[in-house]
Every structure is written in structure tokens, then in C-alpha cells.
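Visitor:
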Amino acid sequence: MKKLLLFVAAFFTFSFAQAQDGLKLGLKAGVNLSNFAGDGADADYKFGGHGGLFANFGISEMVSIQPELLFTMKGAQEKEGDITTKVKLNYIDVPVLAHINADGLFFELGPTLSFNVSSKVTMNDEDGNEISGDFDGVNSVDFGYAAGIGYQLQNGISIGLRYNGGLSDIAENSKTRNSNFLLSVGYTFTR
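Quick note on numbering: the sequence shown equals residues -19 to -1, 1 to 172 in mature numbering (1 follows the signal peptide of the UniProt record, and there is no 0).
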């Protein structure tokens, strides 16, 4: 984890040092709707959030590359009778996305590398008692993909809708993957 943070810090430091007209930096945050996909995945969607930084490197007027560093809340929930179980998986996501830009409208697609920072499970019984603990066996790295669409205003504000799909299993001996929809609002500082 320390190596990841050092790499990301070095990446953004280099980005600032090499700032050109084609480099745009910004922040984004939003809400998630998360669930599990794959064999035996029979849970309901869970709300969460995400937020972080991005750097957008212009290659041409229509094409750019956008690496991001996001804290993302993932997981799922299941309700049987009066008992609700929630799996809360928190990740540091590092997507590297190709952006196709057309007069404010953009499309994005690329790989995502996610690092699990915490894994919890909570259960509320019929009496309202909450039991929680660690969700053991979660893989520390999750590889996936992202695809989305959005709109960037000239004042730097953007809104985007993205799907993140996991390609690797979230836990050992499991055929379950992360599945997330993200609705984001962003602000680009350098335009």
C-alpha cells in the first residue's frame, strides 16, 4: 500500500511539473450503486460513495487519457425476512481511461486496478441488534474495467455515469466479482 501511495504521489508530482496546455487536473465525487456479479451472486444493490483526483492528458482535440485516484465504497446487501446483511468493501481505485471528447460530451473506457483497504460485514437482526466484523478472505487487488459517458461544461463542471465491472474474483474460493454504477460530479481546475 505504501508503494502504491508513493507511486501515485510521484505520478501527480510529475504531472504538475510537466504541466502543459494539454494537462487538466481536477476533483470528482459522487454516489455508487454496488452489487456482486458472477456464480452464486444473489444480493441486492447497496448505496455508497466515491471521491478523488484526476489528471487528463490531451492527446488531440478529441482524444485524451485520464488516470484517476478514487476512494470507492463497494459491496452488496441481502435481506431475508427481518435480517439484513451488508458487505462493505472499500477500495482505492486507479482507473486509466481513454476519453473521446465531442463538444462537451465524452465517452470513456479503460482498465481499473483496485486495492482493497477495508472489508466489513454487518448484520441487523429482527430486534435491531447490529453485529459486525471483518469480511475475511477478500483479495487485496481487484482488476476490472470501466466504461462511461458524461458531459463537461466550459466552466469546468462535469457530470458522468460510469459502470465498473470486476474481472477478478473478490475473494478466494469465490466466483463473485464487483459490479458498480457510479454517478459523479467533477470540477476541472485547469481548462
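The beta carbon of each residue, even a glycine, is placed where N, CA and C say it ideally should be.
Here the structure is a predicted model, which is why all the values come from computation and not from measurement.
Measuring straight from C-alpha to C-alpha, what distance separates Ala57 and Thr103?
Guide: Taking the first residue of the sequence shown as position 1, residue 57 is located at position 76. Taking the first residue of the sequence shown as position 1, residue 103 is located at position 122. In a straight line, the C-alpha of Ala57 is about 11 angstroms away from that of Thr103.
Visitor: Any contact of the region 137 to 155 with the region 120 to 129, i.e. 3+ C-beta pairs under 8 angstroms?
Guide: Touching, yes, given that three or more Cβ pairs across the two stretches are closer than 8 angstroms.
Visitor: Does DSSP put Ala(-3) in a helix, in a strand, or in coil?
Guide: Translated into the one-based positions of the sequence shown, residue -3 becomes position 17. Unreliable placement is indicated for Ala(-3), whose pLDDT of 46 sits below 50; the coordinate value is still reported in the next sentence. Helix.
Visitor: Starting from Lys156, trace the beta strand (DSSP E) both ways and give me its first and last residue.
Guide: Residue numbering aside, residue 156 sits at position 175 when the sequence shown is read from its first letter. Careful: Lys156 lies outside any beta strand (DSSP E) and carries neither H nor E.
Visitor: Count the other CB atoms, across all protein chains shown, that sit within 10 Å of the CB of Gly62; report buried if there are 16 or more and exposed otherwise.
Guide: Position 81 of the sequence shown, counting from 1, holds the residue named residue 62. Label assigned to Gly62: exposed.
Visitor: With distances taken from CA atoms, which of Ser95, Gly167, Gln135 is nearest Leu148?
Guide: Taking the sequence shown and counting its residues from 1, one reaches residue 148 at position 167. Among Ser95, Gly167, Gln135, the Cα nearest to that of Leu148 belongs to Ser95.
Visitor: In chain order, which continuous runs of the beta strand (DSSP E) of length 3 or greater are located wholly inside the region 64 to 110?
Guide: Counting only runs of 3 or more, we get 64 to 83, 86 to 105.
Visitor: Please identify the residue among Glu49, Tyr26, Thr53, Ile46 whose C-alpha is closest to the C-alpha of Gly11.
Guide: Counting from one through the sequence shown, the residue named residue 11 turns up at place 30. Per the Cα distances, Thr53.
Visitor: Which residues share a DSSP beta bridge with Gly129?
Guide: As a first step, residue 129 must be located in the sequence shown, where it is residue number 148. Note: Gly129 sits in a beta bridge opposite Glu89, Arg143.
Visitor: Phe17 and Ser160 look like a contact to me (Cβ under 8 angstroms); what is the Cβ gap, rounded to whole Å?
Guide: Indexing the sequence shown from 1 puts residue 17 at position 36. Indexing the sequence shown from 1 puts residue 160 at position 179. About 6 angstroms; that satisfies the 8 angstroms criterion.
Visitor: I think Lys55 touches Leu70, with their Cβ atoms under 8 angstroms apart; what is that distance to the nearest whole Å?
Guide: In the sequence shown, residue 55 corresponds to position 74, counting from 1. In the sequence shown, residue 70 corresponds to position 89, counting from 1. Yes, Lys55 and Leu70 are in contact; Cβ-Cβ is about 5 angstroms, under 8 angstroms.
Visitor: May I ask you to report which of helix, strand or coil DSSP gives Phe116?
Guide: The residue given as residue 116 occupies position 135 in the sequence shown. Here Phe116 sits in coil by DSSP.
Visitor: Could you name the residues of the same chain whose beta carbon sits closer than 6 angstroms to that of Leu171, not counting the 5 residues immediately before and after it, in chain order?
Guide: Here the question's residue 171 lines up with position 190 in the sequence shown. With the sequence shown as reference, residue 171 is identified as Thr, and Leu is not the correct amino acid for it. Result list for Thr171: Lys5, Leu6, in chain order.
Visitor: According to the neighbour-count rule (16 or more other Cβ atoms, all chains shown, within 10 Å of its Cβ), is Asp108 buried or exposed?
Guide: Counted from its first residue, the sequence shown places residue 108 at position 127. Per the 10 Å Cβ criterion, exposed.
Visitor: Using the beta-carbon count (16 or more within 10 Å), is Asp74 buried or exposed?
Guide: Residue numbering aside, residue 74 sits at position 93 when the sequence shown is read from its first letter. The residue is buried, with at least 16 neighbouring Cβ atoms inside 10 Å.
Visitor: Buried or exposed: Ser165, going by 16 or more other Cβ atoms within 10 Å of its Cβ?
Guide: Here residue 165 is taken as the residue at index 184 of the sequence shown, counted from 1. The residue in question, Ser165, is buried, as its Cβ has 16 or more Cβ neighbours within 10 Å.
Visitor: Using C-beta distances below 6 angstroms, list every residue in its chain close to Asn97, excluding the 5 sequence neighbours before and after it, in chain order.
Guide: For the purposes of this step, residue 97 is taken as the residue at position 116 of the sequence shown. If we look at Asn97 and ignore the five residues flanking it on each side, its Cβ neighbours are Tyr72, Val119, Ser121.
Visitor: Rounded to the nearest angstrom, what separates Ala(-1) and Lys156 at their Cα positions?
Guide: Walking along the sequence shown from the start, residue -1 turns up at place 19. Walking along the sequence shown from the start, residue 156 turns up at place 175. Unreliable placement is indicated for Ala(-1), whose pLDDT of 45 sits below 50; no coordinate value is reported for it.
Visitor: Check the C-beta distance from Gly39 over to Gly3 and give it rounded, since I have them as a contact under 8 angstroms.
Guide: Along the sequence shown, one-based indexing puts residue 39 at 58. Along the sequence shown, one-based indexing puts residue 3 at 22. About 3 angstroms separates the two Cβ atoms, so the contact holds.
Visitor: In the DSSP assignment, the beta strand (DSSP E) including Ser45 goes from what residue to what residue?
Guide: As a first step, residue 45 is located in the sequence shown; it is residue number 64 there, counting from the start. Element bounds for Ser45: 44 to 61.
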